[in-house]
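In our numbering, the protein residues as written are 561 to 914.
Glycine is no exception: its CB is placed at the ideal position from the N, C-alpha and C atoms.
From a predicted model like this one, the values you see are computed outputs, not experimental measurements.
Remarks on the structure that follows.
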């Protein structure tokens with residue numbers, strides 16, 4: 561379990577450090593205004609100390625919102641945050657979101673990694689290509705990535721020993737490192753659940769694994785995840801192969817998944833109860849919007865499928881013209897401009913004729 565308050569303080573420090581490194585005094589005020597950071601007395605303070613004072617007085621909600629904004633798009637033009645900086649932001653936000661609770665145990669994490677011990681888990685990719693969407697290696701203090709030997713094993717390559725021993729240096733062979741040890745060096749047990757889930761999803765992704773290898777890995781990893789009340793769930797496809805996401809296993813207490821929230825006549829207030837399981841709750845104006853609660857279809861979400869869903873929601877036959885008209889009127893009520901209304905009308909007319 562992680563101390564959420566400490567994660568928040570680390571986030572304050574990181575935001576101040578990153579902005580101070582990227583900006584000069586002349587550009588700082590505009591960045592503060594754009595991000596919505598408070599102003600404080602600058603007298604006698606250097607840039608770094610000033611920004612740390614700024615983030616110290618900012619509310620928790622402000623700090624979280626600023627970090628989220630910087631993850632999406634940093635407003636500065638001089639330079640951009642590094643991948644390592646953004647990763648630290650993301651991990652801190654995930655720990656705060658989960659209230660510091662780690663749901664996937666260290667034991668499960670170890671066993672999953674041990675499952676791929678004697679395999680080329682990076683599949684058809686290089687190690688660097690495999691890790692790129694999951695973790696920037698520099699974040700976790702492991703500057704050099706192992707090399708893959710001819711035997712398919714991982715080897716730590718030493719720097720030029722002559723730097724330390726001069727002419728008396730002797731060649732030192734690369735040292736083999738187990739997959740489990742390497743992931744421990746990367747801080748496997750210190751990751752938020754969302755980071756670990758990204759790794760598992762990468763391990764079984766069709767871009768990485770051949771079809772047969774994917775099937776075997778999914779079966780093995782899913783068995784381990786289910787012992788922690790998680791599962792690998794197919795939620796899409798690429799080139800005919802399933803794309804898996806780690807989700808909480810369905811229980812009687814789980815709410816209905818909300819895949820698309822649309823057609824709101826008033827903006828709904830939404831909270832995320834469990835981001836791992838897509839558990840989204842509408843706390844205000846739920847009656848002012850429509851919630852499409854079916855899994856995404858294999859193809860496009862067509863007008864016909866939406867009408868079928870609406871008819872089921874209203875307990876009316878799908879071939880009923882009056883029901884289709886009511887659905888169209890409900891969508892029209894949520895639109896803001898005449899152009900949008902005309903476009904929707906054309907879609908509905910074209911669909912009814914096809």
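- A straight-line Cα-Cα distance of about 6 Å links residue 901 and residue 892.
- Of the candidates 800, 784 and 687, the residue whose Cα lies closest to the Cα of residue 743 is 687.
- Just measuring C-alpha positions, the residue of 609, 696 and 608 sitting nearest residue 644 is 696.
- Pairing residue 740 with residue 677 gives a Cβ-Cβ distance under 8 Å.
- In this model, residue 620 and residue 848 are separated by some 30 Å (Cα to Cα).
- The stretch 666-702 contains, as complete alpha helix (DSSP H) runs of 4+ residues, the segments 666-675 and 687-691 (chain order).
- The continuous alpha helix (DSSP H) containing residue 609 extends over residues 607-617.
- Taking the Cα positions, residue 800 is about 24 Å away from residue 853.
- Assignment of alpha helix (DSSP H) within the stretch 763-816, counting only whole runs of 4 or more residues, yields 771-786 in chain order.
- DSSP lists 715 as the bridge partner or partners of residue 707.
- DSSP places residue 852 in the uninterrupted beta strand (DSSP E) bounded by 850-852.
- DSSP, reduced to helix, strand and coil, places residue 735 within a strand of the structure shown.
- Within the same chain, and ignoring the five residues on either side of residue 646 in sequence, the residues whose Cβ sits closer than 7 Å to its Cβ are 631.
- Fully enclosed alpha helix (DSSP H) runs of no fewer than 4 residues occupy 585-595, 607-617 and 620-632 of the stretch 576-651, in order along the chain.
- As the crow flies, the alpha-carbon of residue 664 is around 31 Å from that of residue 577.
- Note on residue 626: 16 or more other CB atoms within 10 angstroms of its CB, so buried under the neighbour-count rule.
- Taken atom to atom, the span from the alpha-carbon of residue 683 to that of residue 633 is near 32 Å.
- Inter-residue distance for residue 866 and residue 736 is about 56 Å (C-alpha atoms, whole angstroms).
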